[in-house]
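In this note's numbering, the protein residues as written are 1 to 976.
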């Protein structure tokens, strides 16, 4: 019987249809299909042949009838369950189900998706399908596994849940992998590939159904790396089973499956130049599989790393990444995987450091690290450079021994250079050969140093910013979190001193730190310099100064270094494309400035830290300082790198679509945020003492900055600059009598302050005692009035309420007096701070007087004497103001005493009023009380005005103090 003969018989049943009657034709077809479904449903055992014929006719239905057949799907599934032994019926029903659920890219497929949902809703349907897989018929198995694949494509998660609800579903599907017919096996692999995505329960079931062994046997049978798409599909299934699944990874490792991956990475020497598409795909998928086994933040990763190195897979990956592989994509991928294999694994790092590769020029064995350096610095592909840097970063991460060993390779040997140069030939051929040999003889550190400072020396070759960038990053991670490496580089010269004849002493050779700072200073002198150079150097400097007081001390021994950092922060942003990168340089300079303030630790750290804090407050501006740091933290490049580590790795692998360099990586963002949290409060008064409470040895935070002093070797002041304002401080006469006068004035100020403080304390005690007495008296009056009012009339109650209101007003007035007292105490504390500041200023000027005593002339002495007299006069004005405040406090004390007497009088009058309640003279007494209250209210208003005047006087005094500081700075500037 023909496959399409059934539908022809349906047409015959429909009969001829008149042209143009499409609606009628559709109705007739629907009726015919319904009739066939009814025949299948109602057929008995005697009508078995007619039932088979009806099923056969439905295999040729039109797509327009999918909805109708889907609505009666239960008829087909029931027939499928009833006739499990009839292979022909099974094949045709599965074929019908496939037809009504097959989607088309050109259609909306709503009906097909709906039919899929109807089929999945009945959990018994999957049980029927999976039981039928036990039938060893080619078409049955092929149709069923193809139908399951269509269901997965239509409703992925629902099919996963349905299969998990059927205990024997996955074992029956897995059994098809043992089928000798390749078509069925290959379709099963595709189904398992889809089912194992993002479902660990199915992954575990598949893994413990011998999936690893079965898939690896298929890979071996197909020829491993010489195989085709089937091998790649098997590798993808292995990746699904292992990714993020620690249990499966342990099972995969313990069954010895990691060692079986070795043939997938083996490439013949002849294939290194030309790879077929299948082999390229297999190698890339295998590298992804290895990357899955060594993913970070996984408990099984250290053990997997050990097995990968032990079985020789790492050596094959090194051969692919650093050998003669022609494919740049495979080289880059291999290097990235290599970085993950050695990440935080000391044994693997040691094994990698011992690997050697034969040089093509000298025919000598060189370390793989040296070959990796040349790839990172001299490759023409940016992705390959990035992958090589990833290996370096993993090699140096938390590995201080490797950091110190790499730092020791930076030193050059000038004596060997002279010997080599004297033996060179004059021919051009020999010169090229010697240049190649000299290049091969450079160490890792020498390559990094050469590229880092190559932009200063003009050459015929174009400058490669990517090589400079990765060189700076490797040096950055070479010293990151390693104080010993930083100290080693601070003391190690860049070159071995040349041997000199006779007794001539060799000239001093700079260290890498001095060379770095010199290079940074040169960036401001050159025009049209790439901003990336300055950013790279500033990042390196920030990491170097972090947690390194010795480096910070050396940094401040050269005054122009600090001046450069300040000028970089204050540099105005220009309009254009470079302004974005300039904001990063300013943010990094601000970070360096904050690191210097926070980690400074020497004999002058406290005073120098105060000076730097003053620079932030008065020269840079506290808001500007924080704004520069926030611009970096909120930039797109920083936010992109700030994402979690896994996303950052994926970004590194997929980078270079536009050949752009990443300004930051994940680890540097952690360093930046950690440092930012430490320096965010620099320049603020977070630990300021509470008002009215003063510590005995409290230090004043504000100190005048001397930006031009160079007497001390650790001076924090930048040199004279034409682009930024200078801050100066005054000088004093150089004689002992002047110093004695200053001390006398200081002692007078101290005595005045002590007297004022004592008076305030006494006043506070008196106020507290009087306040307690008033409250007690008021409470007694309230109790008495309440007891008496219980037996009196309504008028007496009204009078008592008025007295209670009077008492409440008096309590408010007392509270206002207390607030005025507290504010006066704050004012006295602030004045005390100003007196302490003057003391520090006088001591500072006295020290400066001693340092400059030998360098100034008599004319300057007369000028300084005049200025001292002027300062003394201004200080006298401040003493006078303090006396005025003292008088005001005394007046307030008198007012308070007067108010206390008035309160006593009112209390006495209250008692008399209670006695005379109901008498004709009671109204007269109330009027007298009201007059007294009005008088008290007037006096309170007068005290409030006095208090506002005191606040205004305080503001004027602060303005005067600021003016005095500016004049002192101008005086010092003139003396200079």
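Just so you know, even glycine gets a beta-carbon here, dropped at the ideal spot from N, CA and C. Keep in mind that this is a model prediction, so the values were computed, not measured.
Check	Outcome
What's the C-alpha gap between residue 409 and residue 487?	15 Å
Distance, Cα to Cα, residue 310 vs residue 333?	21 Å
For residue 403, which residues of its own chain have a beta-carbon under 6 Å away from its beta-carbon, when the five flanking residues on both sides are left out?	396, 478, 482 and 485
Consult DSSP for residue 258 and reduce its assignment to one of helix, strand or coil.	coil
Leaving out five residues on either side along the sequence, give the residues of the same chain with a beta carbon under 8 Å from the beta carbon of residue 407.	445, 478, 479, 485, 488, 489 and 492
Taking the alpha carbon of residue 57 as the reference point, which residue from 83, 82, 84 and 29 has its own alpha carbon closest?	29
Against chain B, with Cβ distances strictly below 7 Å, would residue 364 count as a contact?	Checking the listed chains, one finds no chain B in this structure; it contains a single protein chain.
Restricting to Cα atoms, I'd like to know which of 678, 663 and 617 is closest to residue 684.	617
Could you check whether the segment 469-477 touches the segment 550-570, counting it as contact only if at least three pairs of C-beta atoms, one from each stretch, sit closer than 8 Å?	no
State the start and end residues of the unbroken beta strand (DSSP E) segment that holds residue 356.	356-358
For a test of the three-state rule: what should DSSP assign to residue 366, helix, strand or coil?	strand
To the nearest angstrom, report how far apart residue 606 and residue 904 are at their CA atoms.	56 Å
What's the C-alpha gap between residue 640 and residue 591?	20 Å
Please classify residue 642: does DSSP put it in a helix, a strand, or coil?	coil
Could you check the C-alpha separation between residue 581 and residue 398 for me, to the nearest Å?	30 Å
With 16 other CB atoms within 10 Å as the buried threshold, where does residue 966 fall?	exposed
Sorted by chain position, which residues of the same chain lie with C-beta nearer than 8 Å to residue 511's C-beta, five sequence neighbours on each side aside?	489, 490, 491, 492, 493 and 494
Any idea what DSSP makes of residue 458, helix, strand or coil?	coil
At 4 residues or longer, what runs of the alpha helix (DSSP H) sit wholly inside the segment 257-335?	277-293, 301-310 and 313-322
Who are the Cβ neighbours of residue 503 in its own chain at under 7 Å, not counting the five residues just before and after it?	Confidence at residue 503 is low in this model, with a pLDDT of 49, below 50, so its placement is unreliable and no value can be given for it.
How about residue 113 and residue 180: are their beta carbons less than 7 Å apart?	no
Check whether the segment 113-125 and the segment 144-163 touch, using three or more Cβ-Cβ pairs below 8 Å as the test.	yes
Are residue 197 and residue 245 touching if we call contact CB-CB under 7 Å?	no
Measuring alpha carbon to alpha carbon, tell me which residue in 97, 138 and 950 is nearest residue 66.	97
Kindly indicate which residue of 68, 80 and 72 has the alpha-carbon position closest to the one of residue 52.	80
If you follow the alpha helix (DSSP H) that residue 46 is part of, which residue opens it and which one closes it?	That residue, residue 46, is in no alpha helix (DSSP H); it is neither H nor E in DSSP.
Taking the alpha carbon of residue 139 as the reference point, which residue from 93, 108, 167 and 170 has its own alpha carbon closest?	93
In whole angstroms, what separates the C-alpha of residue 566 from that of residue 845?	25 Å
Tell me whether residue 46 is buried or exposed, calling it buried when 16 or more other Cβ atoms sit within 10 Å of its Cβ.	exposed
Note the first and the last residue of the continuous alpha helix (DSSP H) segment covering residue 67.	66-71
Quick one: give me the first and last residue of the alpha helix (DSSP H) that residue 200 is part of.	200-206
Taking the Cβ atom as the reference point for each residue, do residue 290 and residue 337 lie within a distance shorter than 7 Å?	yes
What residues in its chain sit with their C-beta under 7 Å from that of residue 370, if we drop five residues either side in the sequence?	444
For a test of the three-state rule: what should DSSP assign to residue 453, helix, strand or coil?	coil
Please name the residue or residues paired with residue 495 in a DSSP beta bridge.	412
Looking at residue 327 and residue 382, is the spacing between their C-beta atoms short of 7 Å?	no
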